[in-house]
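**Q** Encoded as structure tokens, here's the structure I'll be asking about.
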Amino acid sequence: MAMITVQLNGEARPLPAGLTLTGLLETLELDPRKVAVERNLEIAPRGQYGQIAIADGDRLEIVHFVGGG
Amino acid sequence: MTNTASSPPAAAPADAPLVVAGRTLSSRLIIGTGKYASYEQNARALEASGAEMITVAMRRVNLSNPSQPRLVDFIDPGQYIFLPNTAGCFTGEDAVRTLRLAREAGGWSLVKLEVLSDPKHLYPDMAETLRATDMLVKEGFDVMVYCSDDPVYARKLEAAGACAIMPLGAPIGSGLGIQNPVNIRLIIEAASVPVIVDAGVGTASDAAIAMELGCDGVLMNTAIAEAKDPVRMARAMKHAVLAGREAYLAGRMPKKMYADPSSPLGGLI
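Written as structure tokens, this is what we have:
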């Protein structure tokens, strides 16, 4: 299987080529309703995760709400 | 026979609720969700506080442990108003980036802006805070702004479109109480959006003092989270905010230099 490398939450990570954001979140066992995703400094709209294909070199940030003041 | 029983006294006029950016809040107390021993304890303190709005932060998901406890599994975003903050942001661009993610995660545009400067005192960088307010308002956010207790900047923030002005009572996490009541009062007098003291409250009397000054609300985190019994302190803060608000509405007696007896002087035996 062809592999690509992305920066995921600041760390290099190999991923199978052709993965969408939906596929990535499934792989990571993350509930898409509980996170937000930024791809190359652009917000990835939640409704489009299934159409957004991850490309080699992408910078992805997956964030969520945590306790804060 | 005359019935001398008088009709019951008219109830005091009801207080209008706090409204921020068109949202009516059932409580004037807003609490943070940081520094608790656990999200479970946080949820119990929140329930005891009666608060409807909570501040939250946006952070990277820990990908090495997807089963770690999540805030939203303990505090339901459908039941409480989540107010995402910009803690850790030092520029307007950082704040906009963080809050765009928060808007996507939560689906709402009401946010708390804080642009800090020096970690030693966590004082807001007001020039950058004003610039960030302007940027966020232009992006369609409703911005509640953590700020210094400077009446001049408070007016500028309101002019830039802030939906609430949130001056500090004392440095974040210090618990020192309202250090400059004169400035807080000046800000309240000039503002036509809600003024909420954010940071500095240490115990219940501090919250009451903020409300007696005429603040529309109080936002606190450490005072509850770092109390020996956070759930009990949360309840104390609920009462303090209510008491302070009622005292403000009632109008306190004038201070006098000398004693004035409460019992009549006439009719002494």
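Top line first, the protein sequences correspond to chains A and B.
The opening position of the first sequence corresponds to residue 1 in the numbering used here, with each subsequent residue numbered one higher.
The opening position of the second sequence corresponds to residue 70 in the numbering used here, with each subsequent residue numbered one higher.
Glycine included, every Cβ here is placed at the ideal spot set by N, Cα and C.
As the structure is a computational prediction, the values presented were derived from the model and not from experiment.
Write down every uninterrupted run of the beta strand (DSSP E) in the segment 105-130 of chain B whose length is 3 residues or greater and which is fully enclosed by it, in chain order.
**A** 122-129
**Q** If I measure Cβ to Cβ from residue 252(B) and keep anything under 8 Å in the same chain, skipping five residues before and after, which residues do I get?
**A** In the second sequence, the residue the question calls residue 252(B) occupies position 183. Taken in chain order, the residues that qualify are 218, 219, 220 and 236.
**Q** Could you work out which residues of chain A lie near residue 127(B), taking near to mean beta carbons separated by less than 7 Å?
**A** Within the second sequence, the letter at position 58 stands for residue 127(B). Residues of chain A passing the Cβ test: 63 and 65.
**Q** For chain B, is any of its Cβ atoms less than 8 Å away from the one on residue 12(A)?
**A** As a first step, residue 12(A) is located in the first sequence; it is residue number 12 there, counting from the start. Not an interface residue.
**Q** Beta-carbon of residue 15(A) versus every beta-carbon of chain B: anything under 8 Å?
**A** Here residue 15(A) refers to the residue found at position 15 of the first sequence. With 8 Å as the cut-off, residue 15(A) does not count as an interface residue toward chain B.
**Q** Buried or exposed: where does residue 14(A) fall if 16 or more other Cβ atoms within 10 Å of its Cβ makes it buried?
**A** For the purposes of this step, residue 14(A) is identified with residue 14 of the first sequence, where counting begins at 1. Within a 10 Å sphere around the beta-carbon of residue 14(A) sit fewer than 16 other beta-carbons, which makes this residue exposed.
**Q** Please check if any C-beta of chain A sits within less than 8 Å of the C-beta of residue 153(B).
**A** By 1-based counting over the second sequence, the position of residue 153(B) is 84. So yes, residue 153(B) belongs to the interface.
**Q** Using a Cβ-Cβ cutoff of less than 7 Å, which residues in the same chain neighbour residue 70(B) once the five nearest sequence positions on both sides are dropped?
**A** Counted from its first residue, the second sequence places residue 70(B) at position 1. Reliability of the predicted coordinates at residue 70(B) is poor, the pLDDT of 48 falling under 50, and the value obtained from them is presented with this limitation in mind. Same-chain partners within the cutoff: there are none.
**Q** Can you tell which of 210(B), 264(B) and 258(B) has the C-alpha that lies nearest to the C-alpha of residue 233(B)?
**A** The count along the second sequence starts at 1 and reaches residue 233(B) at position 164. For the residues 210(B), 264(B) and 258(B), the minimum Cα distance to residue 233(B) belongs to 264(B).
**Q** What span of residues does the beta strand (DSSP E) with residue 31(A) cover, start to end?
**A** The sequence position of residue 31(A) within the first sequence is 31, counting from 1. Counting along the chain, residue 31(A) falls outside any beta strand (DSSP E), and DSSP gives it neither H nor E.
**Q** If you follow the alpha helix (DSSP H) that residue 173(B) is part of, which residue opens it and which one closes it?
**A** What you label residue 173(B) is simply residue 104 of the second sequence in a count that begins at 1. Unbroken alpha helix (DSSP H) run through residue 173(B): 161-175.
**Q** Between residue 149(B) and chain A, is the shortest Cβ-Cβ distance under 8 Å, so that the two count as touching?
**A** The residue you call residue 149(B) lines up with position 80 of the second sequence. Residue 149(B) has a beta carbon lying at 8 Å or more from every beta carbon in chain A.
**Q** Which whole-angstrom value is the C-beta distance of residue 182(B) and residue 202(B), which I expect to be below 8 Å?
**A** One-based indexing of the second sequence puts residue 182(B) at position 113. One-based indexing of the second sequence puts residue 202(B) at position 133. Sure, about 6 Å apart at Cβ, within 8 Å.
**Q** Looking at the strands, I want to know which residues DSSP matches up with residue 65(A).
**A** As a position in the first sequence, residue 65(A) is number 65, starting the count at 1. Paired residue(s): 127(B).
**Q** Determine the contact status of residue 184(B) and residue 164(B), defining contact as a CB-CB distance below 8 Å.
**A** Against the second sequence, residue 184(B) aligns to sequence position 115. Against the second sequence, residue 164(B) aligns to sequence position 95. In this structure, residue 164(B) lies closer than 8 Å to residue 184(B) by Cβ.
**Q** Closer than 7 Å by beta-carbon distance: list the chain B residues that pair up with residue 43(A), in chain order.
**A** Position 43 of the first sequence, counted from the start, is the residue given in the question as residue 43(A). Using a Cβ-Cβ cut-off of 7 Å, residue 43(A) is close to 169, 170 and 173 of chain B, given in chain order.
**Q** Assign residue 132(B) to one of three DSSP states: helix, strand, or coil.
**A** On the second sequence, residue 132(B) is found 63 positions in, with the first residue counted as 1. Residue state, collapsed to three classes: coil.
**Q** Assign residue 256(B) to buried or exposed, taking buried as 16 or more other Cβ atoms, counted over all protein chains shown, within 10 Å of its Cβ.
**A** The residue given as residue 256(B) occupies position 187 in the second sequence. Counting C-beta atoms within 10 angstroms of its own C-beta, residue 256(B) has 16 or more neighbours from the protein chains shown and is therefore classed as buried.
**Q** Spatial neighbours of residue 60(A) within its chain, please: CB distance less than 6 Å, with the 5 preceding and 5 following residues excluded, ordered by chain position.
**A** Reading the first sequence from its first residue, position 60 is the one you call residue 60(A). So the qualifying residues of the chain are 6, 8 and 39.
**Q** Do you know how far the Cα of residue 96(B) is from the Cα of residue 121(B)?
**A** To locate residue 121(B), count along the second sequence from 1; it is residue 52. To locate residue 96(B), count along the second sequence from 1; it is residue 27. The alpha-carbon atoms of residue 121(B) and residue 96(B) are separated by roughly 6 Å.
**Q** Using a Cβ-Cβ cut-off of 8 Å, state whether residue 40(A) counts as contacting chain B.
**A** Counting from 1 along the first sequence, the entry for residue 40(A) is found at position 40. Not an interface residue.
**Q** Beta-carbon within less than 6 Å of residue 300(B)'s beta-carbon, same chain only, minus the 5 sequence neighbours each way: which residues are those?
**A** By 1-based counting over the second sequence, the position of residue 300(B) is 231. Result list for residue 300(B): 113, 114 and 117, in chain order.
**Q** What three-state label does DSSP hand residue 195(B) in the structure shown?
**A** Reading the second sequence from its first residue, position 126 is the one you call residue 195(B). Helix at residue 195(B).
**Q** Who does residue 38(A) pair with in a DSSP beta bridge?
**A** Locating residue 38(A) in the first sequence gives position 38, counting from the first residue. Its beta-bridge partners are 43(A) and 61(A).
**Q** Taking Cβ positions only, does residue 234(B) come closer than 8 Å to chain A?
**A** Here residue 234(B) refers to the residue found at position 165 of the second sequence. No, its Cβ sits nowhere closer than 8 Å to a Cβ of chain A.
**Q** Candidates 186(B), 250(B), 81(B) and 90(B): which alpha carbon is nearest residue 239(B)'s?
**A** Position 170 of the second sequence, counted from the first residue, corresponds to residue 239(B). Looking at the Cα atoms, 250(B) is the closest of the given residues.
**Q** Under 7 Å Cβ to Cβ from residue 168(B), same chain only, skipping five residues before and after it: list those, please.
**A** Position 99 of the second sequence holds residue 168(B). Here the set comprises 153, 155, 180, 205 and 210.
**Q** Applying the 10 Å Cβ sphere with the 16-neighbour rule, what's the burial state of residue 27(A)?
**A** Walking along the first sequence from the start, residue 27(A) turns up at place 27. With fewer than 16 Cβ atoms within 10 Å of its Cβ, residue 27(A) is classed as exposed.
**Q** Have a look at residue 32(A) and residue 49(A) and give me their C-alpha separation to the nearest angstrom.
**A** The residue given as residue 32(A) occupies position 32 in the first sequence. The residue given as residue 49(A) occupies position 49 in the first sequence. Their Cα atoms are separated by approximately 9 Å.
**Q** Using the three-state DSSP reduction, which class does residue 189(B) fall into: helix, strand or coil?
**A** Along the second sequence, read from residue 1 onward, the residue named residue 189(B) stands at position 120. Here residue 189(B) sits in coil by DSSP.
**Q** Three-state secondary structure (DSSP) at residue 14(A)?
**A** Position 14 of the first sequence, counted from the first residue, corresponds to residue 14(A). Of the three classes helix, strand and coil, the one that applies to residue 14(A) here is strand, per DSSP.
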